[in-house]
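Heads up: the structure comes next, in structure tokens.
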Amino acid sequence: MIKKMVVAAVVTASLAGSAVADDYRKNPFTLTYGNAITENVAGKVNIHPVTYQLHGIQIAANVYN
Numbered sequence: 506m507i508k509k510m511v512v513a514a515v516v517t518a519s520l521a522g523s524a525v526a527d528d529y530r531k532n533p534f535t536l537t538y539g540n541a542i543t544e545n546v547a548g549k550v551n552i553h554p555v556t557y558q559l560h561g562i563q564i565a566a567n568v569y570n
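See below:
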């Protein structure tokens, strides 16, 4: 039973393919998915990087609008 489960998991993982992320250092917003936004364009989705402190933790995020 365990052997069948392991084989099924391996087969499922191999069929799923591999996800390859782009280099975040090449994107000004540090996005890693293919065809990610690289600039803000009027009339389209725009990104605004923000940083702030919350309960002593430094938070960094991208706000989309």
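In the working numbering, the protein residues as written are 506 to 570. Every residue gets a Cβ at the ideal spot worked out from N, C-alpha and C, and that includes glycine.
In this chain, residue 526 is not harboured by any beta strand (DSSP E), its DSSP state being neither H nor E. As a beta-bridge residue in DSSP terms, residue 567 pairs with 554. The C-alpha of residue 561 is placed about 24 Å away from the C-alpha of residue 569. When the Cα atoms are used, residue 544 and residue 533 turn out to be separated by approximately 8 Å. Secondary structure of residue 542 (DSSP, three-state): coil.
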